[in-house]
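Novice:
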Amino acid sequence: MDTREIFCKNPVIISDVKAWAGNNLKNAGTIEVEIGFGSGEYLLRRASEHPDRLFIGIEKKPGMITEVSKRAESRNLDNIRLIETCAEDAFNDLIPSCSITRAYSLFPDPWPKRKHNKYRLFTKAYLRLLNNRLVSGGEALIVTDSEEYYRWILKQTSDTGFELENGPIPPQFDTRFERKWIKQNVSTFYRIQLNKAEHIEA
Ligand SMILES: C[S@@+](CC[C@H](N)C(=O)[O-])C[C@H]1O[C@@H](n2cnc3c(N)ncnc32)[C@H](O)[C@@H]1O
315 MDTREIFCKN PVIISDVKAW AGNNLKNAGT IEVEIGFGSG EYLLRRASEH PDRLFIGIEK
375 KPGMITEVSK RAESRNLDNI RLIETCAEDA FNDLIPSCSI TRAYSLFPDP WPKRKHNKYR
435 LFTKAYLRLL NNRLVSGGEA LIVTDSEEYY RWILKQTSDT GFELENGPIP PQFDTRFERK
495 WIKQNVSTFY RIQLNKAEHI EA
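So the mapping is simple: the working numbering equals the position in the sequence shown, first residue as 1, plus 314.
Structure representation (structure tokens):
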């Protein structure tokens with residue numbers, strides 16, 4: 315079965331349709347995208363630290379955009395747009411080529427069972443799509459708790475137009491999942507920084 319059938323049953327929900335319609339992503343200046351923002355701590359923090367940038371959060375779990383948009387509103391953040399759908403659809407349908415400066419995914423679902431590996435997000439095809447959506451010199455950051463998923467992603471990176479910086483890192487993002495791992499005495503995570511070196515046509 316196609317993973318899109320499994321994960322993209324929900325219609326695309328955009329937290330603020332009017333604000334989204336007013337976006338011209340090609341001319342919006344610096345755009346950062348968080349894939350799988352969960353409870354949104356990192357996205358909200360980045361958006362309040364960089365009021366001059368536009369932040370797009372993508373999360374497939376139903377309901378999270380309501381919760382996070384309430385928090386954005388209570389902090390008077392008007393530089394966040396939230397989309398409830400899966401990242402594959404958002405990148406294919408809503409984000410134009412060469413439009414985003416920085417993308418990140420903190421603790422993406424690792425799908426550890428071999429028979430579930432096919433559901434992993436950061437395949438070669440997805441990394442090529444990500445490359446296409448980044449501006450020249452743009453970058454993507456993936457941080458995972460799973461050393462096995464980390465090694466698997468590294469194997470996907472050939473022919474994706476990225477130069478890599480990678481290795482183990484200590485906790486530093488203070489997200490719900492990072493705190494969950496710290497509580498379980500996990501203090502080493504794995505970072506893959508993908509720097510766009512060459513444009514990939516998608
Ligand atoms: C392990 S949680 C991490 C959440 C958050 N980044 C954190 O650090 O607390 C992974 C999140 O990614 C979301 N997710 C998984 N696959 C996704 C996809 N294909 N598109 C969008 N979100 C996805 C899940 O719903 C979940 O909220």
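Glycine residues also receive a C-beta, built at the ideal position from the N, C-alpha and C atoms.
1) Going by DSSP, what residue range makes up the beta strand (DSSP E) through Val-457?
2) Is the separation between the beta-carbon of Ala-361 and that of Leu-396 shorter than 7 Å?
3) Assuming Ile-349 contacts Ala-439 under a Cβ cut-off of 8 Å, what Cβ separation, rounded to an integer in Å, is found between them?
4) Can you have a look at Ser-450 and say buried or exposed, based on whether 16 or more other CB atoms are within 10 angstroms of its CB?
5) Which residue's Cα is closest to the Cα of Ile-328: Gly-377, Glu-477, Ser-353 and Lys-340?
6) What alpha helix (DSSP H) runs, 4 residues minimum, are completely inside the segment 351-386?
7) If you draw a straight line from the alpha carbon of Ala-516 to that of Lys-497, how long is it in whole angstroms?
8) Just to confirm my understanding: we take Ile-394, look at its own chain, exclude 5 residues before and 5 after, and list those with CB closer than 7 Å. What are they?
9) By the DSSP assignment, the beta strand (DSSP E) with Gln-507 in it spans what residues?
10) Does at least one heavy atom of ligand 1 sit under 6 Å from the Cβ of Phe-369?
11) Do Asp-459 and Trp-495 count as a contact pair if the criterion is CB distance below 7 Å?
12) In chain order, what residues of the same chain lie with their CB nearer than 6 Å to the CB of Val-347, ignoring the 5 residues before and after it?
13) Within 10 angstroms of the Cβ of Val-500, are there 16 or more other Cβ atoms? Answer buried if so, exposed if not.
14) Look up Ala-335 in the DSSP assignment and give the residues it is bridged to.
15) For Gly-343 and Arg-367, I'd like the C-alpha separation in whole angstroms.
16) For Ile-456 and Tyr-464, what's the separation of their Cα atoms in angstroms?
17) Exposed or buried, Asn-446, counting other C-beta atoms within 10 Å across all chains shown (16 or more means buried)?
18) Does the beta-carbon of Arg-490, which I'm using as the reference point, lie nearer than 6 Å to any heavy atom of ligand 1?
19) Can you give me the start and stop residues for the beta strand (DSSP E) that Ala-417 sits inside?
Specialist: Working from what's here:
1) Looking up residue 457 in the sequence shown gives position 143. 448-458 is the span of the beta strand (DSSP E), which, as asked, contains Val-457.
2) The residue you call residue 361 lines up with position 47 of the sequence shown. The residue you call residue 396 lines up with position 82 of the sequence shown. No; because the gap between Cβ atoms is not below 7 Å, this pair is not in contact.
3) As a working mapping, residue 349 is identified with position 35 in the sequence shown. As a working mapping, residue 439 is identified with position 125 in the sequence shown. The Cβ separation is near 15 Å, so there is no contact.
4) Indexing the sequence shown from 1 puts residue 450 at position 136. It counts as exposed.
5) As a first step, residue 328 must be located in the sequence shown, where it is residue number 14. Comparing Cα positions, the closest option is Gly-377.
6) 355-363
7) Here residue 516 is taken as the residue at index 202 of the sequence shown, counted from 1. Here residue 497 is taken as the residue at index 183 of the sequence shown, counted from 1. Straight-line Cα distance between these residues: approximately 41 Å.
8) For the purposes of this step, residue 394 is taken as residue 80 along the sequence shown, with counting starting at 1. Same-chain partners within the cutoff: Leu-357, Ala-361, Phe-369, Gly-371 and Ala-386.
9) Residue numbering aside, residue 507 sits at position 193 when the sequence shown is read from its first letter. Looking at the DSSP string, the run of the beta strand (DSSP E) that includes Gln-507 is 503-510.
10) Position 55 of the sequence shown holds residue 369. It does not: the Cβ of Phe-369 is nowhere closer than 6 Å to a heavy atom of ligand 1.
11) Here the question's residue 495 lines up with position 181 in the sequence shown. Here the question's residue 459 lines up with position 145 in the sequence shown. Contact flag set, yes.
12) Start at 1 with the first residue of the sequence shown, and residue 347 comes out as number 33. Answer for Val-347: Ile-370, Ile-414 and Ala-417, listed in chain order.
13) Within the sequence shown, residue 500 is the residue found at index 186, counting from 1. So Val-500 ends up on the exposed side.
14) Here the question's residue 335 lines up with position 21 in the sequence shown. According to DSSP, which records beta bridges pairwise, Ala-335 is partnered with nothing at all.
15) The residue you call residue 343 lines up with position 29 of the sequence shown. The residue you call residue 367 lines up with position 53 of the sequence shown. When the Cα atoms are used, Gly-343 and Arg-367 turn out to be separated by approximately 7 Å.
16) Mapped onto the sequence shown, residue 456 falls at position 142. Mapped onto the sequence shown, residue 464 falls at position 150. Approximately 9 Å, taken between the alpha carbons.
17) Position 132 of the sequence shown holds residue 446. Asn-446 should be labelled buried.
18) Locating residue 490 in the sequence shown gives position 176, where the first residue counts as 1. Yes, the Cβ of Arg-490 comes within 6 Å of a heavy atom of ligand 1.
19) For this step, residue 417 is matched to residue 103 along the sequence shown. Its beta strand (DSSP E) spans residues 414-420.
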